[in-house]
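The block underneath contains the structure these notes are about, expressed in structure tokens.
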Amino acid sequence: MRAEIIKTLQQRPCNAHQLSEALRVDYKTIQHHVRILDENGLVVSSKKGAYGAVLLLTPKMEEALPILDEIWSRIGGRKISTIEKD
């Protein structure tokens, strides 16, 4: 789930409500995983949007994307760093 959140945020910043809709996961579940990502310095909250804080990847997470790509490719997922940004 957290990798999916990271992939989504890498495409474009969004809030927890938008993540919930995009990933088709309960809002409370998204909040839980975002809190853990935030506590570990992988995402940060920016300005408040219509439905709450906009979430962004931290520079620390951006730097780690190639490592996540390698892991993801070994388990059969698509690459993280090559996802097109809007």
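Per our numbering, the sequence shown starts with residue -1, numbered consecutively. The beta carbon of each residue, even a glycine, is placed where N, CA and C say it ideally should be.
**Asked** Whose CA, out of Ala51, Ile69, Asp24, Asp67, lies closest to the CA of Asp36?
**Response** Ala51
**Message:** Using DSSP's beta-bridge definition, name the partner residues of Val41.
**Reply:** Leu55
**Message:** Between Leu55, Gly39, Thr6, Glu61, which has its C-alpha nearest Val23's C-alpha?
**Reply:** Thr6
**Prompt:** Met59: buried (16+ other C-beta within 10 angstroms of its C-beta) or exposed?
**Reply:** buried
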